[in-house]
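**Student:**
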Amino acid sequence: MEATAREFNQQSARILAAAEQGETIAVTKNGRHIATLVPAHQAEPPLPFPTDPMGDDDLPLFDGPADLSARTDEFLAGGFGR
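Residue numbering for the sequence shown follows our numbering, starting at 829 and increasing by one per position.
1. Pull the bridge partners of I853 from the DSSP assignment, please.
2. When the distance is taken between beta carbons, is P874 closer than 8 angstroms to E848?
3. May I ask which residues mark the beginning and end of the alpha helix (DSSP H) holding E848?
4. In three-state terms, what does DSSP make of A833?
5. Around the C-beta of A841, are 16 or more other C-beta atoms found within 10 angstroms, so that it is buried, or is it exposed?
6. Report yes if the CB atom of A853 is closer than 8 angstroms to the CB atom of A846, and no otherwise.
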């Protein structure tokens, strides 16, 4: 099935019911394919997220200065061609 973005906006209940029945819906905007709505049982599983509030413990740590104000002037000057 194909639906325009406007149809999806105005008839979302009907389109979601079709997806619930197993149909895949291509959503277009100005003739360009912008999204694909697939039934939940066909979708890829969601990406894992860290359960620890600080994220993964095995990620590399930033070893630069904690205070970046010392590098700010250099960064800004570089942006203005100095």
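A virtual CB, placed ideally from N, CA and C, is assigned to each residue, including glycine. Given the structure is predicted, the values throughout are model-derived calculations rather than measurements.
**Tutor:** Checking against the coordinates, here is how it stands:
1. To locate residue 853, count along the sequence shown from 1; it is residue 25. Paired residues: L865.
2. What you label residue 848 is simply residue 20 of the sequence shown in a count that begins at 1. What you label residue 874 is simply residue 46 of the sequence shown in a count that begins at 1. Contact flag unset, no.
3. The residue labelled residue 848 in the question sits at position 20 within the sequence shown. 840-848 is the span of the alpha helix (DSSP H), which, as asked, contains E848.
4. Position 5 of the sequence shown, counted from the first residue, corresponds to residue 833. Reduced to three states, the DSSP call for A833 is helix.
5. Within the sequence shown, numbered from 1, the residue matching residue 841 stands at position 13. Classification for A841: exposed.
6. On the sequence shown, residue 853 is found 25 positions in, with the first residue counted as 1. On the sequence shown, residue 846 is found 18 positions in, with the first residue counted as 1. The question names Ala, but residue 853 is Ile in the sequence shown. Taking 8 angstroms as the Cβ cut-off, I853 and A846 qualify as a contacting pair.
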